[in-house]
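What follows is one structure encoded as structure tokens, with my remarks underneath.
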Amino acid sequence: MKKINNKGLLSIQVNSNNEMSVIFKLVNGTVWMDRNEQWCLYYNSCSTVIEAYRYNGDAGTAMREAEKMYEHARQRKDSGGMGTAFAAMGRLFRSQHRKSDTVL
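Here the sequence shown is numbered in our numbering, starting from 46 and rising by one per residue.
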């Protein structure tokens, strides 16, 4: 099933092992938020994308997205954005049972 609207693409897929994947991709949403300095929305949207990758078992892509989000926030000197990126990384590490990399 796929649903497209002006905010993004929501896709629910079932593979041959009957495992479900939920994917949400923003359609130019983060570009608009970045351009219009809507930082809270921007970092929350990035975090949602990271969680979708984590939920679907794509830890590598989730970590790359978290690192991109951190670098964006670091360049802006946005402590809230950096904290959101670190929180996403922590959830990813915890879901992989990497306690040595998780602060909490």
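Cβ atoms here follow ideal geometry from the backbone N, Cα and C, with glycine treated the same way. Computed from a predicted model, the values in this text were never measured in an experiment.
What three-state label does DSSP hand residue i in the structure shown?
| i | result |
| --- | --- |
| Q58 | strand |
Express the C-alpha separation of residue j and residue i in angstroms, rounding to a whole number.
| i | j | result |
| --- | --- | --- |
| N51 | M78 | The predicted position of N51 is uncertain, since its pLDDT is 47 and thus under 50; a value taken from the coordinates is nonetheless stated next. C-alpha separation (whole angstroms): 14 Å. |
| K113 | G126 | 11 Å |
| M65 | R109 | 23 Å |
| S61 | D123 | 43 Å |
| N81 | A118 | 15 Å |
| G105 | L137 | 10 Å |
| V67 | G128 | 26 Å |
| R121 | W84 | 10 Å |
| N63 | Y87 | 33 Å |
| N101 | Y115 | 21 Å |
| G142 | Y98 | Looking at the sequence provided, one finds His at residue 142 rather than Gly. Approximately 17 Å, taken between the alpha carbons. |
| I57 | R139 | 25 Å |
| V151 | A111 | One cannot answer for residue 151 here, as it falls past the ends of the chain, which runs 46 to 149. |
| task | Return the chain-ordered ranges of every alpha helix (DSSP H) run that is complete within the segment 72-101 and spans a minimum of 4 residues. | result | 74-80 and 84-100
| Touching by the beta-carbon criterion (3+ pairs, under 8 Å), the segment 90-99 and the segment 119-139 | Yes, since at least three Cβ pairs between the segment 90-99 and the segment 119-139 fall closer than 8 Å, the two stretches touch.
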